Structures are given as C-alpha cells and as structure tokens.
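Those letters in the sequence shown? Residues 1 to 490, by UniProt numbering.
Even for Gly, the Cβ is constructed at its ideal location relative to N, Cα and C.
Quantities reported herein were computed from a predicted structural model and do not represent experimental measurements.
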Amino acid sequence: MIFMPGRNDLMFRPVTFSLAALTALLALPAGALQTDHQVSETPFSDPTRFRQSLNDLPSLGNVEDNHDWSKKLAKAAKSIAEANESSSDLTLGEQAGQWAFDRLRDEVATRVESEGQSLLSPYGNAEFNLNVDMAGNFDGTGGNLFSPLADENRYLTFSQLGLHDSVEGVVGNAGLGQRWDAGNWLLGYNSFIDRSFRTGLQRASVGTEAWSNNLRFSANYYHPLSGWRNRGDSQQSRMAEGYDITTQSYLPFYRQLGVSFSYQQYLGEKVDLFNSGNRYHNPAALSLGLSYTPVPLVTISASHKTSSAGESQDQLGLKLNYRFGVALSKQLDANNVAEARSLRGSRYDTVTRSQNPVMAYRQRKTLSVFLATPPWQLNPGESVPLKLQLRASHSIKALSWQGDTQALSLTSPPNNNAIDGWSVIVPPWDSTPGASNEYRLSVTVEDSKQQRVTSNWITLKVQAPLSMNEPAVEGAVQMPSSSNSLSFSE
C-alpha cells in the first residue's frame with residue numbers, strides 16, 4: 001500500500017487495514033495464538049486424549065463475555081470500515097459521528113417498541129372525562145395530563161395539568177406530587193392550585209394517597225386563596241373551604257368492575273354544594289359510584305350523590321385514559337385490565353380529587369347606617385332630633401327601632417320609612433336610688449333587596465336637676481339676711 005502525504009482521499013486507508021486486521025484478530029479463539037511446546041511421542045494412540053486435555057484446562061470465567069465484547073467491537077469496526085469505503089468524501093470523525101447517530105436512533109426505536117409492550121409508559125397518561133347529569137349539565141367534563149418527572153427506584157415525582165368545565169366557566173388546575181413504594185402499598189402526597197379563568201377566583205389543595213392492588217384511599221383539603229368577589233348587585237362569592245375522603249375498590253376476581261364511596265363537607269353560611277342554586281350551612285354529602293372498564297382505554301361510570309339537606313344528584317360518566325408510548329392494541333385488550341388495575345399498572349394514574357370547586361356566597365354590603373350620638377347631657381322634657389347617616393344602593397323598605405323607645409317617647413315622621421324626622425323626648429329625672437337615668441337606642445334598616453343592617457347603639461343621659469341645698473358657687477355675691485328685729489332700751 002502506497003501512502004502519499006497531502007492527499008486526503010488516501011490518508012486513512014492504513015486505518016482501514018488496521019481495523020480489518022483488528023477484526024480478524026478479535027475473531028480468533030482465546031487460545032488460538034498459544035503454542036504447545038510439549039508434543040507426545042504417540043499423539044494419535046489415544047483418541048480421547050484431546051478431549052481430556054481440554055477438560056483439564058482451567059476455566060477463565062470471562063471468556064464468553066470477552067468473546068461477546070470482541071464480536072461487538074469487531075462489528076463496530078467493520079461498520080466504520082464499510083462506511084469509510086462507501087463514503088470516501090467524509091472524514092473519519094464525520095463517519096464515526098454518523099455511526100453513533102445511527103446507533104442512538106436504533107436504540108431509541110428499540111426502547112419505544114419495548115415500552116409499547118407494557119401498560120406502564122414513561123411518557124405519562126392523557127385522561128378525558130365526559131360527565132352529564134340528569135338535567136343535561138356537563139359539569140365536570142374535561143381532561144388531565146399526568147407526566148412523570150422522575151421515576152427512580154421506589155420514588156416517583158410527577159406533575160398533573162387539567163382543564164374542566166363548570167358553572168363558573170373553565171377551571172384550570174396544576175399540581176405536583178410524589179409517590180413511593182411501601183411494601184404492598186403505594187403511598188403519596190400532592191398539592192394543587194385551581195383557578196377559574198372567568199372570575200379569577202383561586203383555591204389550593206393538599207392531598208394524600210394510599211393504594212393497594214384492590215383498594216385505594218384518597219383524602220383532600222381545599223382552601224380558598226381569593227377573597228370575596230362581587231357577584232351582581234347584592235352578592236359576593238368565593239371558592240368554599242372543605243375536604244373529601246374517597247375509597248375505591250376493585251373485585252379481585254373481576255377487575256373490570258369497581259366501586260367507589262366518597263364523603264365530602266364544605267364550610268360556610270351559604271354553600272352551593274351541587275351548583276344548583278340551593279345554598280346550605282356547612283353542607284355534607286355522600287356519593288356512591290360504580291365503574292366498568294371493558295378495556296384499559298375506556299371506563300364507564302355512574303354515581304349517586306345525596307346531601308345532608310336532602311338534595312341529590314345522579315351522574316353518568318365516560319372516561320378515556322390514553323397511555324402515551326403504549327401500543328393501542330394493548331390498551332384495547334380486555335386481558336390487560338387486571339394489569340392496569342394492579343399496583344404497578346396504576347402507578348401513573350391521575351390523582352383522585354374534586355376538579356370543580358364548590359362555591360360559597362354571602363350578601364354584598366351595599367347598605368350601611370350610622371346613628372349620630374346626641375349631646376351628652378340632656379335636660380328633662382327636651383325634644384332631641386335623631387340623625388341617621390345612610391349609604392344605600394337601593395330604596396329603603398322599612399325602619400325599625402330597638403331600645404328604650406317607650407321611655408323616650410319615640411316620635412316618627414309622617415312616613416315611617418323616611419330617614420329624617422325622627423325624634424325623642426327626654427324623660428324626667430328619676431330620683432329612685434339605683435336609677436341610671438340612661439337610655440339606649442339603635443335602628444335597623446331594610447332595603448328593597450332584602451338587605452338588613454343594624455346601626456350602632458347610642459346612649460342618652462338625663463341631666464340631674466339643681467338641688468336647693470347645693471353650696472353656693474364660689475365668687476357669687478352673698479346677700480345679707482333681712483332681719484327686722486328691733487330692740488328697745490329704756
């Protein structure tokens with residue numbers, strides 16, 4: 001072989017020869033280059049001598065491993081040599097890079113194909129829920145995307161995103177959580193934030209999980225992050241505070257059939273638990289549900305919920321649970337339902353929680369009243385006008401007074417619903433021992449929207465009359481007593 005410096009097309013031909021020689025050397029058996037210095041005088045007298053000599057050789061332990069590695073190295077060298085011969089315009093570095101890219105592509109394709117044979121895909125799940133109640137409302141319809149962020153040994157860190165339809169408009173939620181293996185149980189915790197895109201109201205939740213092969217427990221606590229927001233002219237709303245506990249079970253001998261039981265309670269004066277317009281004080285509800293999963297991709301459900309106030313709701317649901325990277329034929333195979341329900345197969349299942357926030361309401365404060373305080377000292381029999389400072393968005397429907405109205409001889413204007421024209425007459429001084437001679441008043445105002453508000457309390461004090469036995473005021477002129485006594489002397 002002639003090597004000429006300066007010509008790029010022939011610079012690496014010695015490399016081709018060296019790689020080919022290396023391939024031939026690595027393909028030889030481990031003892032092919034060893035020589036036997038002792039030759040028997042009658043080598044063919046005993047035909048079993050060679051077999052016995054082979055058995056007497058010590059075992060090297062890694063001969064097979066070295067042989068496999070040699071085959072792989074020889075195959076790689078052969079591939080690079082063939083690429084060099086077929087693409088003489090490429091440098092050795094470019095050829096090695098192309099070979100590495102091809103190997104990576106083949107490895108990724110092999111991994112995707114192997115993962116497609118299992119229901120536990122490292123790419124997560126996409127879940128779509130279609131819910132409808134007997135009134136034709138699609139409250140709760142939406143989807144979730146479950147993504148494993150890190151799955152190492154026993155621990156799984158994941159994220160979950162969701163969009164759902166509700167009476168408050170579209171509600172989005174985002175959460176993070178962890179799960180880990182604990183023997184025959186899968187334990188976990190999570191935290192979420194829910195936001196209504198129409199109203200801007202938000203809430204946060206924290207939850208725990210404990211799952212086994214046939215039984216699941218989930219608990220969540222919900223807390224509002226946003227304050228009260230005006231809703232119309234006379235109401236305010238926010239997401240309610242509450243919690244729920246859910247139990248799910250599957251028949252061991254027929255995993256397609258599942259049963260769920262849930263208890264939930266929310267706190268507040270006016271809570272709309274069913275999003276029906278009916279509002280209750282601290283309502284609670286029980287839910288019983290049945291689910292049927294003919295194939296891992298599809299689940300059909302039916303549930304009945306009843307509250308402590310007697311209101312109930314029935315709902316039908318259809319859920320599609322698509323596993324990324326898993327062959328569709330596996331997800332449509334009824335024989336794989338048991339694996340999907342198993343502890344390992346449900347490792348990437350979405351979090352069990354209430355996706356749609358429950359709303360709480362209260363009366364909007366568009367009405368306020370303040371009763372002005374009269375002078376501290378009032379003389380008996382004096383007429384005192386009452387001054388009301390009122391802020392109202394609607395017309396006043398009624399006024400009512402509380403306190404010592406009779407003792408103060410409360411006098412109304414011609415129109416009892418008028419704000420101005422009210423007065424009282426100060427009663428006479430009560431000299432009875434222990435009498436306080438103090439009187440109290442307040443007023444309650446109601447508008448045309450049934451809003452009621454009560455004012456502050458005021459106290460009226462009667463001034464004590466002057467006593468004839470009181471000492472003279474200092475500095476006053478003392479008049480001499482008029483004595484007309486006359487004395488006569490003889």
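Own chain residues within Cβ distance below 6 Å of residue i, not counting five before or after
i: residue 373; result: 458
i: residue 151; result: none
i: residue 221; result: 206 and 243
i: residue 239; result: 201, 203, 224 and 357
i: residue 316; result: 132 and 302
i: residue 268; result: 240 and 360
i: residue 448; result: 394, 395 and 397
Pick from the options that is closest to residue i, judged by C-alpha positions
i: residue 341; options: 123, 253, 100 and 226; result: 253
i: residue 273; options: 456, 323, 205 and 361; result: 361
i: residue 170; options: 407, 400, 444 and 356; result: 356
i: residue 286; options: 275, 400 and 246; result: 246
i: residue 131; options: 307, 122, 303 and 449; result: 303
i: residue 276; options: 138, 189, 203 and 255; result: 138
i: residue 404; options: 336, 398, 424 and 148; result: 424
i: residue 400; options: 351, 446, 440 and 261; result: 446
i: residue 292; options: 338, 227, 142 and 212; result: 338
i: residue 453; options: 391, 259, 415 and 406; result: 391
i: residue 395; options: 192, 450 and 102; result: 450
i: residue 407; options: 315, 437, 183 and 148; result: 437
i: residue 440; options: 420, 352 and 409; result: 409
i: residue 193; options: 210, 162 and 217; result: 162
i: residue 167; options: 186, 196, 183 and 176; result: 196
i: residue 282; options: 309, 258, 260 and 183; result: 309
i: residue 460; options: 420, 317 and 378; result: 378
i: residue 263; options: 289, 255, 256 and 257; result: 289
i: residue 305; options: 295, 260 and 327; result: 260
i: residue 300; options: 418, 258 and 411; result: 258
i: residue 328; options: 413, 295 and 420; result: 295
i: residue 354; options: 435, 143 and 98; result: 143
Residue i, enclosing alpha helix (DSSP H) - first and last residue
i: residue 330; result: 328–331
Cβ shell of residue i (< 8 Å), same chain only, five flanking positions each side left out
i: residue 230; result: 236 and 364
i: residue 465; result: 380 and 429
i: residue 186; result: 179, 180, 209, 210, 211, 212, 343, 346 and 347
i: residue 184; result: 212, 213 and 343
i: residue 62; result: Bear in mind that the predicted position of residue 62 carries a pLDDT of just 48, short of 50, making it too unreliable to give a figure here.
i: residue 226; result: 200, 201, 202, 203, 238 and 239
Residue span of the beta strand (DSSP E) that contains residue i, given as start and end
i: residue 445; result: 438–447
i: residue 340; result: No beta strand (DSSP E) holds residue 340; the alpha helix (DSSP H) holding it covers 337–341.
i: residue 228; result: Where residue 228 is concerned, there is no enclosing beta strand (DSSP E), given that its DSSP letter is neither H nor E.
i: residue 168; result: It is not in any beta strand (DSSP E) - residue 168 carries neither H nor E in the DSSP assignment.
i: residue 245; result: 241–251
i: residue 458; result: 458–462
i: residue 208; result: 202–211
i: residue 216; result: 215–224
i: residue 419; result: Counting along the chain, residue 419 falls outside any beta strand (DSSP E), and DSSP gives it neither H nor E.
i: residue 195; result: 185–196
i: residue 402; result: 396–403
i: residue 148; result: 142–152
i: residue 133; result: 125–133
i: residue 453; result: 452–454
i: residue 391; result: 388–392
Cβ-Cβ separation, residue j to residue i (assumed contact under 8 Å), whole Å
i: residue 146; j: residue 322; result: Actually they are not in contact, since the Cβ atoms of residue 146 and residue 322 sit about 11 Å apart, beyond 8 Å.
i: residue 297; j: residue 332; result: 6 Å
i: residue 313; j: residue 133; result: 6 Å
i: residue 319; j: residue 128; result: 7 Å
i: residue 334; j: residue 307; result: Between residue 307 and residue 334 the Cβ distance is about 37 Å, and since that is not below 8 Å, they are no contact.
i: residue 427; j: residue 384; result: The pair is not a contact, with the Cβ atoms about 11 Å apart (cut-off 8 Å).
i: residue 350; j: residue 173; result: That pair is no contact at about 11 Å.
i: residue 164; j: residue 199; result: Going by Cβ atoms, the distance from residue 164 to residue 199 rounds to 15 Å, so no, they are not a contact pair.
i: residue 160; j: residue 136; result: At roughly 29 Å, the Cβ-Cβ gap does not stay under 8 Å, so residue 160 and residue 136 are not in contact.
i: residue 352; j: residue 218; result: 4 Å
i: residue 444; j: residue 402; result: 7 Å
i: residue 432; j: residue 234; result: Actually they do not touch by this definition, with Cβ atoms about 48 Å apart.
Min CB distance residue i to chain D below 7 Å
i: residue 172; result: Checking the listed chains, one finds no chain D in this structure; it contains a single protein chain.
7 Å Cβ shell around residue i - same chain, five flanking residues per side excluded
i: residue 387; result: 372
i: residue 154; result: 180 and 181
i: residue 178; result: 155, 156, 157, 188 and 189
i: residue 270; result: 279, 360, 361 and 362
i: residue 123; result: 324 and 325
i: residue 214; result: 249, 250 and 252
i: residue 482; result: Residue placement at residue 482 is flagged as unreliable, the pLDDT there being 40, under the threshold of 50; the coordinate-derived value follows with that caveat. None.
i: residue 255; result: 337, 338 and 341
i: residue 455; result: 369, 370, 371, 442 and 443
i: residue 382; result: 426
i: residue 148; result: 122, 124, 156, 158 and 348
Alpha helix (DSSP H) segments (min. 4 residues) lying fully within the segment 351–386: none
Sequence ranges, beta strand (DSSP E) only - wholly within the segment 260–329, length at least 3: 270–272, 284–295, 298–307 and 312–323
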